[in-house]
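Colleague:
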Amino acid sequence: MPKEKKNQILKNFSFPKTPTGVEGLDDITEGGFPKGRPTLICGGAGCGKTLLAMQFLIKGITEFEENGVFMSFEEPSDDLSQNVKSLGFDLEKLKKEKKLVVDHVRVERSEIEEAGEYDLDGLFVRLSYAIDSVKAKRVVLDTIESLFAGLDNQAVLRAELRRLFHWLKEKGVTAVITGERGEATLTRQGLEEYVSDCVIILDHRVTEQVSTRRLRIVKYRGSTHGTNEYPFLIDEDGISVLPITSLKLDNEVSSDIVSTGVPGLDSMFDGGGFYRGSNILVSGTAGTAKTTIASYFANEQCLRGEKVVFFAFEESPQQLIRNMKSIGIDLAAHIKKGLLQIHSSRPSLNGLELHLLTLRKVIREFAPNTVIIDPISNLISVGSDQEVRSMLVRLIDMLKLNNITAMFTSLSKQTDSHRPDLAEESVSSLVDTWITVRDMEGVGERNRGIFIIKSRGMGHSNQVREFLIRKSGIDLLEVKVGPKGVLTGTARQSHEAKREENKRKIEMTKERNLREIERKRQVLEASILALKSEFDSLTDNLGIENDVPQLNATDAPPKKKR
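Offset between the sequence shown (1-based) and the working numbering: plus 190.
1. Once the 5 residues before and after VAL498 are set aside, which same chain residues still bring their CB inside 8 angstroms of it?
2. Can the beta-carbon of ARG403 be found less than 7 angstroms from the beta-carbon of HIS394?
3. Whole angstroms is fine: what's the gap from THR435's alpha carbon to GLY416's?
4. I'd like to know whether the C-beta of LEU510 is nearer than 7 angstroms to at least one C-beta of chain E.
5. From the DSSP output, in three-state form, read off MET250 for me.
6. In this structure, does DSSP put CYS766 in helix, strand or coil?
7. Ends of the alpha helix (DSSP H) at PHE205?
8. Apart from the five residues on each side of it in sequence, which residues of its chain come closer than 6 angstroms, Cβ to Cβ, to SER485?
9. Buried or exposed: where does SER600 fall if 16 or more other Cβ atoms within 10 Å of its Cβ makes it buried?
10. Three or more beta-carbon pairs under 8 angstroms between the stretch 361-370 and the stretch 326-336, yes or no?
11. Note down the Cα distance separating SER430 from LEU620, rounded to an integer number of angstroms.
12. So, are the CB atoms of VAL315 and PHE260 less than 7 angstroms apart?
13. Over what stretch of residues does the alpha helix (DSSP H) that includes LEU508 continue unbroken?
14. What first and last residue would you give for the beta strand (DSSP E) that runs through GLN531?
15. Compute the distance between the beta-carbons of ASN593 and GLU496, then report whether it is under 7 angstroms.
16. Rounded to whole angstroms, what is the Cα-Cα separation between GLU668 and GLN653?
17. From which residue to which residue does the alpha helix (DSSP H) around VAL324 run?
18. Going along the chain, which residues of its own chain have a beta-carbon closer than 6 angstroms to the beta-carbon of ARG328, five neighbours each way excluded?
19. Which residue marks the beginning of the beta strand (DSSP E) containing THR595, and which one marks its end?
20. With H, G and I counted as helix, E and B as strand and the rest as coil, what does DSSP make of MET648?
21. With three or more C-beta pairs closer than 8 angstroms as the rule, is the stretch 317-326 touching the stretch 279-298?
22. Just to confirm, is the Cβ distance from SER445 to ASP622 under 7 angstroms?
23. Quick test of the definition: if touching needs 3 or more C-beta pairs under 8 angstroms, does the stretch 473-482 touch the stretch 686-702?
24. Determine the burial state of PRO266: buried for a count of at least 16 other Cβ atoms within 10 Å of its Cβ, exposed for fewer.
25. Hey, could you find the ends of the beta strand (DSSP E) VAL172 is sitting in?
26. Is it true that the CB of ARG655 sits closer than 7 angstroms to the CB of ILE640?
27. Do GLY226 and ILE424 have their C-beta atoms within less than 7 angstroms of each other?
28. Is the beta carbon of ASP387 less than 7 angstroms from the beta carbon of PRO224?
29. Can you name the start and end residues of the beta strand (DSSP E) that THR219 belongs to?
30. Just confirm the distance between the C-beta atoms of PHE464 and ASN568, as a whole number of angstroms; I'd bet it's less than 8 angstroms.
31. Can you tell me whether DSSP reads ARG660 as helix, strand or coil?
32. Take PRO206 and list the residues in its own chain whose beta-carbon comes closer than 8 angstroms to its own, dropping the five residues that flank it on each side.
33. My output table needs one value for ARG466: the three-state DSSP class, helix, strand or coil.
34. Which term fits GLY214, buried or exposed, when burial requires 16 or more other beta carbons within 10 angstroms of its beta carbon?
35. Compute the distance between the beta-carbons of ILE231 and ILE390, then report whether it is under 7 angstroms.
36. Let me check understanding here. Comparing Cα to Cα, which of TRP357, GLU282 and GLU220 lies closest to LEU313?
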């Protein structure tokens, strides 16, 4: 076969896979589980093995029209139906429609001892009947340890395990087998991971009283796959996995400008605002109006008819709405119109990955144009430095991938050190625009100032602008420069008072000069009238009135002839 043709065949070859329907898992496995082959899911108690297997079956029926069989060796059918009903999985309905078979096989050690030599022929018959009855394409066995709980002969156990996996392959079904984690091996028996074509480990760990569930693909025969640990979330919709490796820097960019919403702040950018899809960091010490600036931005986008998600880690939605109403921002009106969602929780409620998963889920369901996180610095309390950096990088990449304009606020500590805080240090090089609000302390007073550190792709002002928060909202003041630099607070007021006083003095001097000029004009006119009257009297006395030309006050004297 020619080399070019061989390369073309290899290029067009696609490894047969069965999509799981689990959010994010198909991205990690690059299409799903191996079709017609067994997949092993192992882990400790409470890590979500049974739920993942059940979701694989339910999604196969509802989304891919592939019927399934769930064979349990631990929980009865009624208990399974009740357990997954809270997640919206109606097993009884699917069973009535002949799309799903849920079978419970009870295995007792005493019965195995009475039976003598142990084999799985009875299980094969029972499982084969269930598969044929609904023409199943997907099969779940949960859990395999219970099947061999009463067997001590390791040679027989290994032989029957191999026979079970080979039988499933010959049957042509995509099988998921769950197993408990062993002490020194992935599973209790240490054999299942070797005869399985795909092995997935689920882990439920607790770090500093914060629990996190993670997933890792140990092996996948015949296919490439993600090799990292991936956090996953169990909520009312089932399992969602965050595919970290799918976040690449190949996002589209926009030249559209979105307003900051803060009066006067747009003019500090040459473009008149932020680029759509960019990331903005607003950092500053406590009480410098970071949340207020973020609320202005949210309000502006909602007024434009765009959707906004506001994640608040310090205030409840009711408190945020009340506080912003005091400066004329009505967030409640936007919530009623369905343009704004406010999600409030303490950072310690979930691990960093779960916060990221929650945000990803909200983005998928609500499809916002703008996301605000206030503040990201609170996330430091629930993770190490490396974990915080990793989470924030993935967060920014995910937002850019979806072309979402994002604004983060970050609390800076009041220290003498110029070294940035962890949150700033982690994202300052990643964000497109960095705005800092800070205290400018004078003699016995505290004033607020705002300036732009950077804005990629756009010129911006280099001035520090003082701003006030009034009942009408934020008011950016014009820059006033005095002998010692930029003037703020009382110094600004004193400087303006002096300017007004000087202006008033100039006006008074001008008025005084005008009055003096008017008085002199009147005196001059009076003198001219007096001289004219004297001249008229002289001409009358001499009787030469007709021979002397008449002079007006404005006439110039005749020129002398040379």
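Don't be surprised by glycine CBs; every beta carbon is placed ideally from N, CA and C.
Modeller: Once the coordinates are examined:
1. One-based indexing of the sequence shown puts residue 498 at position 308. Scanning its chain for C-beta atoms nearer than 8 angstroms, with the 5 sequence neighbours on each side dropped, one finds around VAL498 the residues ALA488, GLN491, CYS492, HIS524, LEU529, LEU530, GLN531, PRO558, ASN559, THR560, VAL561 and ILE562, in chain order.
2. Along the sequence shown, one-based indexing puts residue 403 at 213. Along the sequence shown, one-based indexing puts residue 394 at 204. Yes, these two residues count as a Cβ contact at 7 angstroms.
3. Counted from its first residue, the sequence shown places residue 435 at position 245. Counted from its first residue, the sequence shown places residue 416 at position 226. Per-residue confidence for THR435 stands at a pLDDT of 46, beneath the threshold of 50, marking its modelled position as unreliable; no derived number is given.
4. The chain labelled as chain E is not found in the depicted structure, where only one protein chain is given.
5. As a position in the sequence shown, residue 250 is number 60, starting the count at 1. The sequence given here has Gly at residue 250, not Met. DSSP places GLY250 in helix when its eight states are reduced to three.
6. Residue 766 lies beyond the residue range present for the chain, which begins at 191 and ends at 752; the question has no answer from this structure.
7. Locating residue 205 in the sequence shown gives position 15, counting from the first residue. Counting along the chain, PHE205 falls outside any alpha helix (DSSP H), and DSSP gives it neither H nor E.
8. Numbered from its first residue, the sequence shown carries residue 485 at position 295. Around SER485, the same chain offers MET514 and ILE519 as residues with beta carbons nearer than 6 angstroms, after the five sequence neighbours per side are excluded.
9. Numbered from 1 along the sequence shown, position 410 holds the residue referred to as residue 600. So SER600 counts as buried.
10. yes
11. Position 240 of the sequence shown, counted from the first residue, corresponds to residue 430. Position 430 of the sequence shown, counted from the first residue, corresponds to residue 620. The alpha-carbon atoms of SER430 and LEU620 are separated by roughly 26 angstroms.
12. Translated into the one-based positions of the sequence shown, residue 315 becomes position 125. Translated into the one-based positions of the sequence shown, residue 260 becomes position 70. It is not a contact, given that the beta carbons lie outside the stated cut-off.
13. Counting from one through the sequence shown, the residue named residue 508 turns up at place 318. The question names Leu, but residue 508 in the sequence shown is Gln. Note, GLN508: alpha helix (DSSP H), 507-515.
14. In the sequence shown, the residue the question calls residue 531 occupies position 341. Its beta strand (DSSP E) spans residues 530-534.
15. Along the sequence shown, read from residue 1 onward, the residue named residue 593 stands at position 403. Along the sequence shown, read from residue 1 onward, the residue named residue 496 stands at position 306. No, the Cβ-Cβ distance between ASN593 and GLU496 is not below 7 angstroms.
16. As a working note, residue 668 is residue 478 in the sequence shown. As a working note, residue 653 is residue 463 in the sequence shown. Distance between the alpha carbons of GLU668 and GLN653 is about 10 angstroms.
17. In the sequence shown, counting from the first residue as 1, residue 324 sits at position 134. Element bounds for VAL324: 311-324.
18. The count along the sequence shown starts at 1 and reaches residue 328 at position 138. By the criterion of a C-beta distance shorter than 6 angstroms, ARG328 is surrounded in its chain by LEU247, GLY250, GLU256, GLY258 and THR364, once the five residues flanking it on both sides are discounted.
19. In the sequence shown, the residue the question calls residue 595 occupies position 405. Start and end: 595-601.
20. Here residue 648 refers to the residue found at position 458 of the sequence shown. Coil.
21. yes
22. In the sequence shown, residue 445 corresponds to position 255, counting from 1. In the sequence shown, residue 622 corresponds to position 432, counting from 1. No.
23. no
24. Counting from one through the sequence shown, the residue named residue 266 turns up at place 76. Per the 10 Å Cβ criterion, exposed.
25. In the structure as shown, the chain begins at 191 and stops at 752. Residue 172 is therefore absent and cannot be evaluated.
26. What you label residue 640 is simply residue 450 of the sequence shown in a count that begins at 1. What you label residue 655 is simply residue 465 of the sequence shown in a count that begins at 1. Closer than 7 angstroms, so yes.
27. One-based indexing of the sequence shown puts residue 226 at position 36. One-based indexing of the sequence shown puts residue 424 at position 234. No; because the gap between Cβ atoms is not below 7 angstroms, this pair is not in contact.
28. Taking the sequence shown and counting its residues from 1, one reaches residue 387 at position 197. Taking the sequence shown and counting its residues from 1, one reaches residue 224 at position 34. Yes, these two residues count as a Cβ contact at 7 angstroms.
29. Residue numbering aside, residue 219 sits at position 29 when the sequence shown is read from its first letter. Where THR219 is concerned, there is no enclosing beta strand (DSSP E), given that its DSSP letter is neither H nor E.
30. The residue you call residue 464 lines up with position 274 of the sequence shown. The residue you call residue 568 lines up with position 378 of the sequence shown. The pair is not a contact, with the Cβ atoms about 23 angstroms apart (cut-off 8 angstroms).
31. Numbered from 1 along the sequence shown, position 470 holds the residue referred to as residue 660. In this structure, ARG660 counts as strand in the three-state DSSP scheme.
32. Position 16 of the sequence shown, counting from 1, holds the residue named residue 206. Exclusion of the five residues before and after PRO206 leaves PRO224, LYS225 and GLY226 as the residues of its chain whose Cβ lies within less than 8 angstroms of its Cβ.
33. For the purposes of this step, residue 466 is identified with residue 276 of the sequence shown, where counting begins at 1. In the structure shown, ARG466 sits in coil (DSSP, three-state: anything other than H, G, I, E or B).
34. Numbered from 1 along the sequence shown, position 24 holds the residue referred to as residue 214. Taking all protein chains shown into account, GLY214 has 16 or more neighbouring C-beta atoms within 10 Å of its C-beta and is therefore buried.
35. Walking along the sequence shown from the start, residue 231 turns up at place 41. Walking along the sequence shown from the start, residue 390 turns up at place 200. Cβ distance < 7 angstroms, so ILE231 and ILE390 count as in contact.
36. Within the sequence shown, the letter at position 123 stands for residue 313. Closest by alpha carbon: TRP357.
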